[in-house]
Structure formats: C-alpha cells, structure tokens
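Residues in the sequence shown are numbered from 1 upward in steps of one, following the UniProt record's numbering.
Glycine included, C-beta positions come from ideal geometry on N, C-alpha and C.
See structure below.
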Amino acid sequence: MRLAIIGAKGQVGWELQRRALALGHEVLAWDVAELDITQPAAVDQALATSGVQAVINAAAYTAVDRAEQEPERAFAVNRDGPAHLAFSCAQMNIPLLHISTDYVFDGSKSGPYTEDDPAAPLGVYGQSKWAGDQAVQRLLPQHLILRVSWVFGMEGQNFVKTILRLARERAELRVVVDQHGCPTYAGAIADILLNLVGRLREIETGNLWGTYHYCGAPATTWHGFASAIVEQARHYEPLKADKVMAITTAEYPTPAARPVNSVLDGSRLTDRFGIHPSAWQSDLSTLLSALYER
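In structure tokens form, the structure reads like this:
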C-alpha cells in the first residue's frame with residue numbers, strides 16, 4: 001500500500017516509517033520541511049499528487065509547557081493541521097489515521113478513561129489536541145483516532161532520555177508519584193497503526209471507524225517509571241543516581257497542569273481488533289538495548 005506518514009521525524013513517525021517499509025509498504029515520509037500541515041493549500045497539493053491510499057498523521061506540537069506561551073502555534077499544528085488533512089482526505093476519499101493524547105481528559109476520573117468519557121483538557125496542549133480530534137471527527141467519516149499516553153521511543157526527546165541524562169548527572173532524582181498513567185512505546189503504537197492500515201477493508205465493511213485508546217500495561221506513576229528506567233539502565237552503565245525520591249505534584253510545579261490520572265481503557269481496541277496492551281517494562285528493555293547499541 002502507498003502511505004503518507006506525516007511527522008516522519010517524530011517518535012512515532014520514525015517508527016512508522018521504518019516498520020512500514022519493512023512490511024513492504026510504499027512510503028511518502030513527510031516532516032514539516034516537506035509538508036507544513038498548517039497550510040491548507042500545501043496539504044491539498046501534496047495529497048492530490050501523492051497517489052496515497054491512506055494517511056497517518058503523527059505530527060503534533062507536543063511541548064506541553066511551552067504551549068501555554070504559544071497557544072497560536074499549538075492550535076495551528078494540533079487543531080488546524082488535522083482539520084486540513086481531514087478535509088483533503090475527504091475530498092479524495094482517503095482514510096486518515098490520527099494520533100491523539102490522554103491530555104484531552106482532566107484526570108479527575110478514578111478509573112481508566114474510555115473513548116466515551118467527556119473531554120475536559122486542562123491546558124493549551126490538551127485543548128488544541130481535543131480541537132483536532134473534533135475536526136477530524138466532523139470532517140471525515142473514514143477516520144481512526146488513536147489516543148495514546150506517556151510515549152517513549154528512540155527518536156526525539158522523551159521521559160526515558162531525560163531520566164537517563166539526569167541519572168548520569170545527579171546522585172538523587174526527585175520524581176512525581178501522584179500522577180498515574182501508562183508508558184507507551186512508540187514502536188508498539190506504530191505496529192498498531194500499521195495493523196489497522198492492513199485492515200482498512202474490514203474497518204470499512206464493519207463501519208469500525210472512530211476513536212480508540214491504546215497504552216502500555218500496567219498503569220504506574222512517573223516515579224515508578226523513572227525507577228524502572230534507572231534499574232534497567234544500570235545493566236548497561238554505572239549511574240551517579242543512587243536514589244529516586246518520590247515527590248508530589250505540588251512539589252514540582254509546571255506552567256501547564258497535568259492530569260493526575262492518564263490511564264486509558266483500551267478494551268474497545270481489544271474487543272474489535274484483538275489488539276492487547278504491550279508490557280511497557282519489556283518495551284523499555286527493548287528501547288534501552290537499542291539506545292545503548294547506537
């Protein structure tokens with residue numbers, strides 16, 4: 001299949017590109033230098049001349065704190081960009097697979113969030129992503145929105161790389177323990193999206209378009225995730241950090257508020273497609289092995 005991958009240099013985009021090629025897909029890999037999705041004319045022209053059979057949008061403005069100072073840019077990328085893609089895809093009858101986030105929720109629910117729970121984003125990043133979800137839903141029936149959480153991978157900046165850097169520099173790490181979520185490997189997200197691409201005929205026939213949740217298992221905290229990173233990394237190198245201290249959100253203020261509960265319920269994806277959560281600790285081991293082999 002001929003695929004367009006938008007945001008090809010990001011965490012998920014990079015994994016999508018190499019895995020799609022390995023599966024034999026013909027890939028047009030576009031990052032912002034090749035296609036600025038905030039420009040509708042550019043999107044129309046690129047897709048009209050591409051000959052692609054499906055589009056996967058992995059592009060996003062993901063600087064959660066900086067978004068509070070740059071709301072126009074965040075909304076341009078996270079709301080307007082998906083809207084332009086959805087409109088063009090609708091004109092050409094091309095399905096769109098779009099990545100969204102747990103930050104569309106406010107985190108006040110006591111259990112995992114389902115796709116039917118009301119969105120109530122706390123900050124600009126979540127608000128802009130929710131607006132993008134709504135645009136895709138409104139403009140294009142043939143869409144799959146995959147909401148994910150706490151993404152980590154080989155490319156780009158992420159929590160794993162930050163903890164590794166700090167563990168080399170500091171004897172003690174202080175990490176928030178009262179925010180709960182599910183670390184999710186970019187490679188697993190890419191595999192799921194490509195699985196769904198391979199089942200587009202089934203999705204069309206069964207009218208299985210819509211929004212789905214996916215995250216790694218089991219749920220943990222940022223402190224639990226950091227502790228696992230340090231523990232596994234010690235097998236590869238000596239680290240200065242000998243203690244990972246648990247602190248509260250109040251002890252680590254940030255410009256943007258974070259949901260205290262980012263756990264997503266992925267049972268709809270399991271029930272409809274037989275796709276089960278990946279074990280994040282195993283995925284972390286895979287990632288660290290790859291990082292240390294670089």
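Look up residue i in the DSSP assignment and say whether it is helix, strand or coil.
i                 : result
glutamate 72      : helix
aspartate 60      : Rather than aspartate, the amino acid found at residue 60 in this sequence is alanine. Correct three-state label for alanine 60: coil.
tyrosine 125      : helix
serine 88         : helix
glutamate 237     : coil
alanine 119       : coil
serine 149        : coil
tryptophan 209    : coil
arginine 174      : strand
serine 262        : coil
alanine 83        : helix
alanine 256       : coil
isoleucine 189    : helix
valine 32         : coil
isoleucine 203    : helix
phenylalanine 273 : helix
Nearest to residue i by alpha carbon, out of the options?
i                 : options                           : result
proline 183       : Pro253, Asp191, Ser110 and Val263 : Val263
tyrosine 61       : Leu85, Thr49, Ser100 and His25    : Ser100
leucine 173       : Ser149, Leu139, Cys215 and Asp242 : Asp242
glutamine 142     : Arg258, Ile229, Ala131 and Gly206 : Gly206
leucine 291       : Leu23, Ile275 and Ile229          : Ile229
serine 110        : Pro259, Arg234, Leu144 and Leu97  : Pro259
leucine 284       : Asp80, Val160, Trp209 and Ala58   : Val160
alanine 46        : Cys89, Glu204 and Glu26           : Cys89
alanine 48        : Gln17, Leu85 and Ala74            : Leu85
histidine 223     : Gln179, Trp14 and Leu139          : Gln179
leucine 97        : Leu3, Asp80, Gly10 and Ala226     : Leu3
glycine 13        : Leu200, Ala58 and Val27           : Ala58
phenylalanine 225 : Ala279, Phe105 and Arg201         : Ala279
glutamate 34      : Gln17, Glu15, Gly7 and Ser289     : Gly7
tryptophan 209    : Ala233, Arg234, Gln137 and Asp271 : Gln137
isoleucine 163    : Val244, Leu200 and Thr211         : Val244
Measuring only the C-alpha atoms, how far is residue i from residue j?
i                 : j                : result
alanine 83        : aspartate 65     : 23 Å
tyrosine 185      : glutamine 91     : 33 Å
valine 32         : glutamate 231    : 36 Å
isoleucine 56     : phenylalanine 87 : 14 Å
glutamate 115     : proline 95       : 20 Å
proline 218       : glutamine 281    : 9 Å
alanine 29        : glycine 198      : 18 Å
phenylalanine 273 : glutamine 53     : 21 Å
proline 253       : glutamate 68     : 14 Å
alanine 22        : threonine 248    : 43 Å
valine 175        : aspartate 36     : 36 Å
residue 343       : asparagine 261   : A query on residue 343 cannot be resolved here, the shown segment of the chain reaching from 1 to 294 and no further.
arginine 168      : alanine 135      : 43 Å
asparagine 93     : isoleucine 203   : 14 Å
proline 71        : alanine 257      : 15 Å
leucine 194       : alanine 246      : 37 Å
leucine 140       : alanine 250      : 41 Å
arginine 165      : arginine 147     : 28 Å
alanine 120       : asparagine 158   : 24 Å
serine 289        : leucine 196      : 28 Å
glutamate 15      : leucine 287      : 12 Å
glycine 132       : glycine 81       : 8 Å
Tell me residue i's beta-bridge partners as DSSP assigns them.
i              : result
glycine 181    : Thr220
leucine 3      : Val27 and Ala54
histidine 98   : Asn57 and Ile145
alanine 279    : Ala217
valine 230     : Valine 230 is not bridged to any residue.
alanine 67     : Alanine 67 pairs with nothing; no bridge assigned.
lysine 161     : Answer is none; lysine 161 lacks a bridge partner.
isoleucine 247 : Val176
tyrosine 113   : Leu264
- Task: Could you tell me whether the stretch 151 to 164 touches the stretch 184 to 201, where touching means 3 or more Cβ pairs closer than 8 Å?
- Result: yes
- Query: Any chance the stretch 211 to 230 sits against the stretch 24 to 44, with 3 or more Cβ pairs inside 8 Å?
  - Reply: no
- Query: Are the stretch 233 to 247 and the stretch 119 to 126 touching by the rule of at least three beta carbon pairs closer than 8 Å?
  - Reply: Counting Cβ pairs under 8 Å, fewer than three are found: no touch.
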